[in-house]
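Inspection log for the structure reproduced underneath, given as structure tokens.
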Ligand SMILES: [Zn+2]
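Numbering (our numbering), first residue to last: 1 to 263.
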């Protein structure tokens, strides 16, 4: 397999990128050239897989407006940017034979979960939004290009922040509304081995168990039922001994501020 791949790289479409790796003089240059090659290979594989799928027979859906079966209008190019770069492919698109204003429909895009106007992967948008939390949009777009090699404008980053922010606020409002109607949030699913581990939350030295045990319901259950104070915290074996040792080693309350760390 390795030999086949090497032979392909030497003579195939990526020969130029492979040559750049082979002739790189320094490790830095070799790594940079290998990264270019890896991305080109990943994009080529994706394009080929997409074109194979696009060549399969299409089952045309019915028009949303009039119910007539859509008719093929031929092959149209599509591209989409992700973390490895811009992937390009061609696929069939269809339109309503009665000319309903539903735009062109691409069944392959729908099967891939690709919306009509989506040109950038959600992973790239998330990365851009995270960067925009820490820095101006223009800088976020430049850092994204440097880190991931994805070139997007500052205004695109601004639009993604607006869109994802609106969606996050809508989700939060919905959750608050459900809570106000008495519906408690659904707990996250946990693997059995993780669920069996003791869980404690420390708040200024107070530890509170959050999962039920033989002694009764958890604090959060009791608070939710209006039963006030939590039951005695559950500590793993040896924890009380460590607590006592840490208490003995702690600087005394009479010492001045900062004296505990200065020693
Ligand atoms: Zn129609």
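Glycine is no exception: its CB is placed at the ideal position from the N, C-alpha and C atoms.
1) Which residue comes first and which comes last in the beta strand (DSSP E) that contains residue 81?
2) Using a Cβ-Cβ cut-off of 6 angstroms (strictly less than) and excluding sequence neighbours within five positions of residue 106, which residues of its own chain qualify?
3) When DSSP labels each residue in this structure, what does residue 52 get in the three-state scheme?
4) Give me the pocket residues for ligand 1, defined as CB within less than 6 angstroms of any heavy atom, sorted by chain position.
5) Say whether the region 22 to 31 touches the region 40 to 51, bearing in mind that this needs 3 or more beta-carbon pairs closer than 8 angstroms, one atom from each stretch.
6) Note down the Cα distance separating residue 19 from residue 101, rounded to an integer number of angstroms.
7) Shortest alpha-carbon distance to residue 131 belongs to which of 118, 148 and 116?
8) Where do the ends of the beta strand (DSSP E) carrying residue 296 lie?
9) Check whether the region 81 to 90 touches the region 148 to 159, counting contact only when three or more Cβ pairs, one atom from each stretch, lie closer than 8 angstroms.
10) Drop a sphere of 10 angstroms on the beta-carbon of residue 98, count the other beta-carbons inside from all chains shown, and report buried for 16 or more, exposed for fewer.
11) Indicate the three-state DSSP secondary structure (helix, strand or coil) for residue 105 in the structure shown.
12) Sort 176, 73 and 2 by Cα distance to residue 58 and report the nearest one.
13) Please state whether the Cβ-Cβ distance between residue 125 and residue 75 is less than 9 angstroms.
14) Quick check on the DSSP output: the alpha helix (DSSP H) that includes residue 156 runs from which residue to which?
15) With distance defined between alpha-carbon atoms, name the residue in 64, 181, 120 and 244 nearest to residue 96.
16) For residue 88 and residue 77, what's the separation of their Cα atoms in angstroms?
17) On the CB-based measure, 16 or more other CB atoms within 10 Å of its CB, does residue 133 come out buried or exposed?
18) Whole angstroms are fine: how far does the CA of residue 111 sit from the CA of residue 61?
19) In angstroms with no decimal places, state the Cα-to-Cα distance between residue 6 and residue 12.
The short version:
1) 71 to 82
2) 91 and 93
3) helix
4) 63, 65, 66, 68, 96, 98 and 100
5) no
6) 50 angstroms
7) 148
8) Past the edges of the chain, shown from 1 to 263, lies residue 296, and the structure says nothing about it.
9) yes
10) exposed
11) strand
12) 73
13) no
14) 154 to 180
15) 64
16) 7 angstroms
17) exposed
18) 12 angstroms
19) 10 angstroms
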